[in-house]
Amino acid sequence: MKPSRRHFLHLAAGFAALPCVAPFAWAQAYPARPVRIIVGYPAGGAADITARLIAQSLSTSLGQQFVVEARPGAATNIATEEVVRAAPDGYTLLLVTQTNAVNATIYDKLDFNFMRDIAPVASILRVPGVMVVNASVPAKTVAEFIAYAKANPGKLNMGSGGNGSAQHLYGELFKMMTSIEMVHVPYRGQVLPGLIGGELQVVFNPVPSTIGFIKAGKLRALAVTTATRLQALPDIPTVAETVPGYEASGWFGLGAPKGTPPEIVGKLNHEINAALADPTLKAKITDLGGSVLTGTPGEFGKLIAAETQKWGEVVKMASIKLD
Numbered sequence: 082m083k084p085s086r087r088h089f090l091h092l093a094a095g096f097a098a099l100p101c102v103a104p105f106a107w108a109q110a111y112p113a114r115p116v117r118i119i120v121g122y123p124a125g126g127a128a129d130i131t132a133r134l135i136a137q138s139l140s141t142s143l144g145q146q147f148v149v150e151a152r153p154g155a156a157t158n159i160a161t162e163e164v165v166r167a168a169p170d171g172y173t174l175l176l177v178t179q180t181n182a183v184n185a186t187i188y189d190k191l192d193f194n195f196m197r198d199i200a201p202v203a204s205i206l207r208v209p210g211v212m213v214v215n216a217s218v219p220a221k222t223v224a225e226f227i228a229y230a231k232a233n234p235g236k237l238n239m240g241s242g243g244n245g246s247a248q249h250l251y252g253e254l255f256k257m258m259t260s261i262e263m264v265h266v267p268y269r270g271q272v273l274p275g276l277i278g279g280e281l282q283v284v285f286n287p288v289p290s291t292i293g294f295i296k297a298g299k300l301r302a303l304a305v306t307t308a309t310r311l312q313a314l315p316d317i318p319t320v321a322e323t324v325p326g327y328e329a330s331g332w333f334g335l336g337a338p339k340g341t342p343p344e345i346v347g348k349l350n351h352e353i354n355a356a357l358a359d360p361t362l363k364a365k366i367t368d369l370g371g372s373v374l375t376g377t378p379g380e381f382g383k384l385i386a387a388e389t390q391k392w393g394e395v396v397k398m399a400s401i402k403l404d
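The working numbering applies: residue 82 is where the sequence shown begins, and numbers increase by one.
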């Protein structure tokens, strides 16, 4: 029997609809097998804990295992390159951090372009910093510290976890915005013992690893580095209250290889935002010293772009080179 013209038209219409139906079907079926979240830091740190919290929530809500895999090394570049080279199918994700934004400038040559090769999925949390000084420093406020530093140019030591680290960048931004001179002293281990012992005068450190020393009276907090005051340290002002426009904080989110279907990205974003609205997860993030950071993939992309530009300018102006 010879097929009718109507039959051909019906088949053509069906095939034409397939591109529209297929992505929806992918999103509906996703995930059909375990998903990997690659973390560029060793197990046990804040990045690893954050990834595991989100992995646990996604495993529960989506009915498949989200497995965290640590790929430390080369300041997260090893982990990032693994995800860049992975299939863009939603089954390999990257824990994105502020370090990714910094690496775009501080490394002269990378085998990938982070902004081009990683698609933003969802932001997760923000990690505040705090400006702390040794007890011997006479300044009790940011304004007094600036005056003290200007009266003693080049005599104050500012510690960090190494060239290009968050502590280093936060301090360099402060120096630029206040026109003060301090000597940067990079440490390969923990920096706070050097501050407590008096080798250093000031450190811009993450709140989670510092708040205990502040409450114990071993260090004096002058200000937090976020745009607004923190619930955990309500009596401590922000740096911006003295230095308008200053803001410096870490952040975590998820990214996927370029070309990952937007339906899958959207599904992950929806589930992550739903998880972040849960009071139990919020409390766990607060315990980490962080604050929930929700938003669309587009909003997370804008954050990454803004942070890449901001810290890129600091790296260039301070002539920061890797150790």
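Ideal Cβ positions, reconstructed from N, Cα and C, are used throughout, including at glycine.
- Expressed to the nearest angstrom, what Euclidean distance is found between the alpha-carbon atoms of Phe147 and Ala113? 11 Å
- Inter-residue Cα distance where the pair is Thr131 and Phe333: 8 Å
- Message: For a quick check, are the C-beta atoms of Leu362 and Ser138 less than 8 Å apart?
- Response: yes
- Can you name the start and end residues of the alpha helix (DSSP H) that Phe381 belongs to? Pro378 to Met398
- Message: For the beta strand (DSSP E) containing Phe285, name the first residue and the last one.
- Response: Val283 to Pro287
- Residue closest to Ile205, alpha-carbon to alpha-carbon, out of Val395, Glu394, Thr141 and Gly376: Gly376
- Cβ of Val346 within 8 Å of Cβ of Val183? no
- Beta-carbon proximity list for Val165, same chain, < 7 Å, skipping 5 on both sides: Phe193, Asp198, Ile199 and Pro338
- Item | Sub-8 Å separation of Val284 and Val213 beta-carbons | yes
- Message: Determine whether the beta carbon atoms of Val288 and Gly240 lie at a separation below 8 Å.
- Response: no
- Message: Once the 5 residues before and after Val116 are set aside, which same chain residues still bring their CB inside 6 Å of it?
- Response: Phe147 and Tyr172
- Can you round the beta-carbon distance between Asn22 and Val264 to whole angstroms, since I take them to be within the 8 Å contact cut? Outside the modelled stretch of the chain, which goes from 82 to 404, sits residue 22, for which no answer is possible.
- Task: Assign Tyr111 to one of two classes, buried (16 or more other C-beta atoms within 10 Å of its C-beta) or exposed (fewer than that).
- Result: buried
- Mind checking whether Leu303 and Thr222 have CB atoms under 8 Å apart? yes
- Item | Bridge-paired residues (DSSP) for Thr266 | Strictly speaking, residue 266 in this sequence is Val, with Thr absent from that position. Partner(s): Gly240.
- Rounded C-alpha distance that separates Lys348 from Pro342: 10 Å
- Item | Burial state of Ile292 (16 or more Cβ within 10 Å) | buried
- Task: Starting from Gly347, follow the alpha helix (DSSP H) in both directions and report where the run begins and ends.
- Result: Pro343 to Leu357
- Query: With 16 other CB atoms within 10 Å as the buried threshold, where does Pro201 fall?
  - Reply: buried
- Task: Could you pull the start and end residues of the alpha helix (DSSP H) that Pro209 belongs to?
- Result: Per DSSP, Pro209 belongs to no alpha helix (DSSP H); it is in the beta strand (DSSP E), Ile199 to Val214.
- With DSSP run on the structure shown, which of helix, strand or coil describes Gly336? strand
- Item | Rounded straight-line distance, which links the Cα of Thr157 to that of Gly379 | 23 Å
- Task: Could I get the ranges of all uninterrupted alpha helix (DSSP H) runs contained in the segment 100–166, with 4 residues as the minimum, in chain order?
- Result: 127–143 and 158–165
- Assuming Thr306 contacts Glu328 under a Cβ cut-off of 8 Å, what Cβ separation, rounded to an integer in Å, is found between them? 7 Å
- Item | Residue range of the alpha helix (DSSP H) that includes Val177 | Per DSSP, Val177 belongs to no alpha helix (DSSP H); it is in the beta strand (DSSP E), Thr173 to Thr178.
- Closest Cα partner of Glu394 within the set Met257, Ala228 and Ala203: Met257
- Message: So, under 8 Å CB-CB, Ala127 and Leu369 are touching, yes? Tell me the CB distance rounded to an integer number of Å.
- Response: 6 Å
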